[in-house]
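As you go down the protein sequences, you meet chains A and B in turn. The opening position of the first sequence corresponds to residue 1 in this note's numbering, with each subsequent residue numbered one higher. The opening position of the second sequence corresponds to residue 1001 in this note's numbering, with each subsequent residue numbered one higher. Everything on this sheet refers to the single structure shown next.
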Amino acid sequence: VVEAPVILKETLVLGAGSAGLLAALTLKRKIPSMNVRIIRSPEIGIIAVGESTTPNLPYHLFEYLKLSPRRFYELAQPTWKMGIRYLWGPRPSFFYTFEPQLDVRAVELPRPNGFYCDDDFTYANQQASLALHDKAFARAPGGGGPDIRPWHAFHLENPKLVAALEVLCVEQGVQIIDGTMKSAEAGPEGIAAIHLEDGRRFTADFFIDASGFRSELLGNFLAEPYISYSDSLFNDRACLGNWERTDEPILPYTTAETMNAGWSWRIEHEHLINRGYVYCSSMISDEEARQEFAAKNPRAKLADRVVKFCCGRYRQAWVGNVMAVGNSCGFVEPLESTALMVVCGQCESFVEMIKHVGVSPGVRDLLNNEMAITWDEIRDFLALHFCANTRLDTPYWHHCRNDTNTAGLKDLLEFYTDNGPTGFARGLLRNPKSQFGIEGFLTMLVGNKVPYNNRHRASNAEIQLLNRREAYYKLAAQSGLDVKQALAIIRHPGWRWHGEN
Amino acid sequence: MLKDIIILGGGSAGLLAALTFKRKMPELNVRLLRSPDIGIIGVGESSTPNVPRHLFDYLGISRRKFYEVAEPTWKLGIHFLWGPRSSFEYTFEPQLDARSPELPRPNGYYCDDDFSNLNLSSALMSSQKAFARQPNGGLHMQENFAFHLENPKLVSVLELYSRDAGVVIIDGKLKAAERDGEMIMSLILEDGQRMSADFYVDSSGFRSELLGRTLEEPFISYNNSLFNDRAILGGWDRTDEPILPYTTAETMDSGWAWQIEHEHLINRGYVYSSSMLSDDHARAEFQAKNPKARIADRVVKFRTGRYRRCWVGNVMAIGNSSGFVEPLESTSLMVVCWQCQTAVEFLKFVGQTPTLRNLFNQTWANTWDEIRDFLALHFILNTRLDTPYWRACRVETNVDAIKPLLDFYKENGPTGFCRTFLKNSASQFGIEGFLTMLVGNQAPYSARHHATAAEQQLIATGRSRFHALAQNGLDVKQSLAMIRHPTWRWAGEPVV
């Protein structure tokens, strides 16, 4: 293998949270000749909420970076997430799984699945059926072990994830520097050096800003303008709480539950249940939010701190010789667990571009454009969650249904109203690299029973086929493995990950 | 739900539409109105790979029967006599939007001097071979090919399949169509007969009887991007010429000429701009280049462009009645197949709604416009000749729609990231096609990559591997003999 010529010799990453560590790990692993250093501030705590991911994270670690699953599972102790269970809209609940449920049609049926989900949106695929039975995996043919498919994600405790990424970074040769940034020094490309409180000065030819909401380099020093999403996404605060798991089963999904003035997540760690209530400060006070949260979760120890945020993105992620990743580049509430998804995708694009093309204004524009499209699509996707949710009749939800700006979704919604849940709507997605794809949008539309005109009346023969499918999935789900069983199996000395001897 | 459909026109577009609808929606009543007076333009047809895929994979037509009746030959790509290189190959298998895992850059950065043998198809084309051999010496039929087809044979085979499928073919001549707003109510034939249906396919060719004439949909001309408007045709019987596994596109003084390889016939055509060249001069140049050719008397006149929409009310135009560009990239049947498939999928699984029609028309328009831009790029880049025609092409061809792509290329070179600048379209070329034209014509870019000795070594090894495979391959004649041998079995056929 011939190495690419080194375009950037020295990269300095500011911030050692999950975004900064993932960026450093990706750069060092993919461009080993690059010198990569991270500045880790000992004073800045980690927000330390549970992290819930999409399948991009395991893909990024195991397929793109080719890191050992065994090592990562040992260090980070993830549990599996097969999708999100929505307590949302008029149905008691529905699943958004990583395996397609709606952008598919059984060969024997004349319509795709969504047209049969008016009353019943369960057992539409294997993953949703497993989840409904609290199971994570079907059994692999023959062996009886978990059949681990690529379409799974993780629940991760943030401190364990950070510790694991630190170990992996150091193993790859990333240098971690403890210190607090005092100031940045301007240079011809943007930034020449970073000065620490202790007087040390670090130069580099490229800087990654992973300093979180403070956005020290991109937002503060380079004064890149911020584009707010506040007319599409109204929430701006969250309160958090945890409790130790006793006899609760480890559920194989993240839960997203409708609350009076927002929504609440529930993330399933092995020994801990992590919850958070995301709300809109103009519709509910912190105190009322805490009360509602505590009443729903009597066992939770609530953190004192209230997390304040403003959804949006910087106009450009990459300016001069600085690229922001993670919260320093943009933020939306974690309703679709998009934070690490965006970080992984951005790191991959950046590496592929600089490694196989180079650094040029055109490449920079391309990456910035890709980031803008990615963020704006997430904004629209989340906005759809809010404008479609008819579960509660509170002032907050009235506001969401009436006032959410969904201009970016106009064509798609019109098409849906006319034609129903057909995958052909994918032709209207603006982002050709969409991570959710039309599957995600259809799940929200069908899950929330958004009305459409072109209804299909299933014949008896069709209903029989659907019943047979349901019986089949039910049977497979009943014999599946739950998270606890699957964890025991992969920790058994006899377990081999794909590719291991 | 649709019950009745009438297809106007019995050329390849109309027959493909009839066959697709009837095979995919057997309960549909499909009638095809064929005018006995109207001849077939009768040029050789050169396709893209989606034509065999449409027939065999999508429609499930038997390969054996098709090969027996239509007698296609294989086309692995286009051999361009174009730009400063002596020639280059545009294959259906990616050459440039590809990077070998051992190399830091995609292939295009290593093609300044030598743009050959980058993949198997390209090596086979250079060696005049159609297929590589399997380890046991047999023919290895990879699926990255298209067909050369004689139009009369294609039309008869499609007629045969259409009748088998249950399409009713009616001979008759259209006199007029009755219209109500954006709907066609009925067709009136010369003999007084009146026919109506819920849905009409207009495959009446350049006349565009229903879409253009009756519904008066406006036509969007491409004449500021594509200057040619005429073609003369000629051919000769093959004697000892090898059957080449590609279509040739050759630069001419005031346009370009195709060469299509049928088994027993070589078909050529000269496409030119009537404002730069008289028909007589065109004939003289064509005859001088092709001394054996019998040149047809007729001059084919055309206008390039598309109608604003192809699906209006209950009418969809398919084929030349919806849009036309010169056959430089053999795009005609490609668009027809996409239209037929998408129309069937839409009508079968969703129905007819205004938003669905809009989506169809938008994707179709993007597809035609991308083809326009792709062809325009062929003309603006070709520095081979210094005639007034080519000077005009290089200076005046309008490529505004792909300016961002060209700017990015100029700065960064032949990287697949250029694909970001293409719109959502059904074009089969994708960024691979654009890069092939840019690299093939040695369009300049700034970010040059200086390959190390180790990289050059790796590239050379890859090239010689493909070259060796190709040299050991089978030419078209040998391959035809093999598939005609009684023991040959197509995929899926039982082994005896």
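For each residue, glycine too, the CB sits at the ideal point set by N, CA and C.
K410(A) counts as exposed, since fewer than 16 other C-beta atoms from the protein chains shown sit within 10 angstroms of its C-beta.
Per the DSSP secondary-structure output, E1263(B) pairs with nothing in a beta bridge. Within the DSSP bridge table, the entry for W318(A) names M323(A) as partners.
Contact between S232(A) and T404(A) holds: their C-beta atoms lie close to 6 Å from each other, under 8 Å. At a Cβ-Cβ threshold of 8 Å, R40(A) and I176(A) count as neighbours.
Between S1047(B) and N1151(B), the beta carbon gap of about 11 Å keeps them out of contact (Cβ cut-off 8 Å). Within chain B, the residues whose beta carbon sits less than 7 Å from that of R111(A) are F1349, listed in sequence order. Per the coordinates, the alpha-carbon of S1127(B) lies some 46 Å from the alpha-carbon of L1211(B). In the structure shown, the three-state DSSP call for I176(A) is strand.
Within the region 157 to 203 of chain A, the beta strand (DSSP E) runs of at least 3 residues that lie entirely inside it are, in chain order, 175 to 178, 181 to 187, 190 to 196 and 201 to 203. In chain A, no part has a C-beta under 7 Å from the C-beta of T1304(B); the shortest such distance is about 26 Å.
Residues of the region 266 to 290 of chain A whose Cβ lies closer than 8 Å to any Cβ of chain B: none. About 15 Å separates the beta carbons of K81(A) and L481(A), which is beyond the 8 Å limit, so they are not a contact pair. A contact is defined here as three or more CB-CB pairs under 8 Å, and the region 1451 to 1464 of chain B fails this definition with respect to the region 1372 to 1388 of chain B. Within the region 1091 to 1104 of chain B, contact with chain A at the beta-carbon level (separation under 8 Å) is assigned to R1099, P1101, E1102, L1103 and P1104. For F94(A), the enclosing beta strand (DSSP E) starts and ends at F94 to T97.
By DSSP's assignment, C239(A) forms a beta bridge with Y277(A) and V306(A). In the three-state scheme derived from DSSP, where H, G and I count as helix and E and B as strand, G1077(B) is classed as strand. H1281(B) and G1044(B) do not touch by the CB rule: their CB atoms are close to 24 Å apart, not below 8 Å. A Cβ-Cβ contact shorter than 8 Å links K1175(B) with L1189(B). Identification of residues in the region 427 to 452 of chain A having a C-beta nearer than 8 Å to some C-beta of chain B yields G427, L428 and P432, given in sequence order.
If you check the CB distance, V2(A) and E1326(B) do not come in under 8 Å.
At a cut-off of 8 Å between beta-carbon atoms, M371(A) makes no contact with chain B. If you draw a 10 Å sphere on the C-beta of D393(A), you find fewer than 16 other C-beta atoms in it, and that means exposed.
G1060(B) has its alpha-carbon roughly 32 Å from the corresponding atom of K1173(B).
Among the residues of chain A, those whose CB is under 9 Å from the CB of E1411(B) are S360, P361, G362 and V363, following chain order. The Cβ neighbour count for E1071(B), taken over all protein chains shown within 10 Å, is at least 16; the residue is labelled buried. Using a CB distance cut-off of 8 Å, T374(A) does not count as an interface residue toward chain B.
Against T1420(B), the close residues of chain A are L366, in the order they occur along the chain (beta-carbon pairs closer than 7 Å). In the structure shown, N1224(B) falls within a coil segment according to DSSP collapsed to helix, strand and coil. Around the CB of L475(A), fewer than 16 other CB atoms lie within 10 Å, so the residue is classed as exposed. Contact residues of the region 1421 to 1445 of chain B toward chain A are N1424 (C-beta to C-beta distance below 7 Å). For secondary structure counted as the alpha helix (DSSP H) over 4 or more consecutive residues, the region 1222 to 1305 of chain B holds these complete runs in sequence order: 1279 to 1289. Within chain A, the C-beta atoms nearer than 7 Å to that of A1454(B) come from V2, in chain order. Restricting attention to W495(A), H152(A) and F436(A), the CA atom closest to the CA of F381(A) is found in F436(A).
Going by beta carbons, G320(A) and L222(A) fall inside the 8 Å limit.
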